[in-house]
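All residue numbers for the sequence shown refer to this note's numbering, where the first residue is 283 and numbers rise by one.
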Amino acid sequence: EMIKYASNAFLATKISFINEIAAICERLGADVEEVALGMGYDKRIGPHFLSAGLGYGGSCFPKDVKALEHMALVHGSHPSLLRAVMDINRDARRWAILNLRDMLDGTLDQKRIGILGLAFKPNTDDIRESPALDIARMLQNEGSVVRAYDPVAMANAAQQNPQLGLVEDPYELADGADALLVCTDWNEFKQLDLNRVRDAMRTPIFADGRNLYNPDTMLALGFQYRSVGKGATFHVNGY
Numbered sequence: 283e284m285i286k287y288a289s290n291a292f293l294a295t296k297i298s299f300i301n302e303i304a305a306i307c308e309r310l311g312a313d314v315e316e317v318a319l320g321m322g323y324d325k326r327i328g329p330h331f332l333s334a335g336l337g338y339g340g341s342c343f344p345k346d347v348k349a350l351e352h353m354a355l356v357h358g359s360h361p362s363l364l365r366a367v368m369d370i371n372r373d374a375r376r377w378a379i380l381n382l383r384d385m386l387d388g389t390l391d392q393k394r395i396g397i398l399g400l401a402f403k404p405n406t407d408d409i410r411e412s413p414a415l416d417i418a419r420m421l422q423n424e425g426s427v428v429r430a431y432d433p434v435a436m437a438n439a440a441q442q443n444p445q446l447g448l449v450e451d452p453y454e455l456a457d458g459a460d461a462l463l464v465c466t467d468w469n470e471f472k473q474l475d476l477n478r479v480r481d482a483m484r485t486p487i488f489a490d491g492r493n494l495y496n497p498d499t500m501l502a503l504g505f506q507y508r509s510v511g512k513g514a515t516f517h518v519n520g521y
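Right, here's the structure in full:
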């Protein structure tokens, strides 16, 4: 049991570590993907679990990190690192709120926000501890009108958040949206007709929580675009 907890906590730590590095990269003007690539060449580190984003979710990592922290506390230890891992994971989800609020002139109230992806990772309908659902709740608490699309996880999401508007495809999601947010890196989203997406939106504001798109491409297409751990803000004058 201890091996399982320690292994999953270590992988969660790698995810939180790269998200901490991403936050620093945004301040310094660096690119977290280049940093992660360089780190991954080191065989002592390896390339896995070094994708910056909106944090870990699912049935294992959150539960096991918390369980290990609890075991440590019960037996008189001080699990400072595990607490930091969980704190950083919460901050990773708040990245979406802070950036959307900033791009939408300081308020999310009554803004139409579309969420691309609800599952905690692609190729599953599992929404347990999903960053997308946490973010949806935070947006709703700020007064946003939140809609979402996911290829397979919408039925599960509807049970957990009945107020969440669900649509049939990404283009319906973009229709009239003030902003879009990528929460799950489904391959389907990598193949979107971005011109069609832009034209459907009320304002072409795009927060990419999974670093799916090339910032230069998004700029050239006319989006105001932000992604995780990128040092520059990519935008079009006038938005």
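For every residue, glycine included, the Cβ atom is placed at its ideal position computed from N, Cα and C.
Beta-carbon spacing of Ala334, Gly511 below 7 Å: yes
Short check: CB of Asn438 to CB of Asp467, under 7 Å? no
Would Ile395 and Ser426 qualify as a contact pair, given that the criterion is a beta-carbon distance under 7 Å? yes
My output table needs one value for Val427: the three-state DSSP class, helix, strand or coil. strand
N- and C-terminal bounds of the alpha helix (DSSP H) containing Ile409: Premise fails: Ile409 is in no alpha helix (DSSP H) and is neither H nor E.
Just to confirm, is the Cβ distance from Ala414 to Asn301 under 7 Å? no
In or out: Leu310 buried (at least 16 other Cβ within 10 Å) or exposed? exposed
Helix, strand or coil for Ser362, going by three-state DSSP, please let me know. helix
Who are the near neighbours of Gln392 in its chain, counting only those whose CB is closer than 8 Å to its CB and skipping five residues on each side? Gly425, Ser426 and Val427
Answer yes or no: do Leu273 and Phe471 have a C-beta to C-beta separation smaller than 7 Å? This structure leaves residue 273 out entirely; the chain is present only between 283 and 521.
So Leu462 is in the beta strand (DSSP E); what residue range does that whole segment cover? Ala461 to Val464
Can you tell me which of the three DSSP states Asp498 falls into? helix
Cβ shell of Ala294 (< 6 Å), same chain only, five flanking positions each side left out: Tyr338, Phe343, Val347 and Val367
Residues of its chain near Phe488, where Cβ-Cβ distance is below 6 Å and the 5 sequence neighbours each way are ignored: Leu462, Phe505 and Tyr507
Please state whether DSSP places Ala489 in a helix, a strand or coil. strand
Pairing CB atoms from the stretch 429 to 436 with CB atoms from the stretch 382 to 390, are three or more of them under 8 Å? no
If you measure between the beta carbons of Glu283 and Gly340, is that distance less than 7 Å? no
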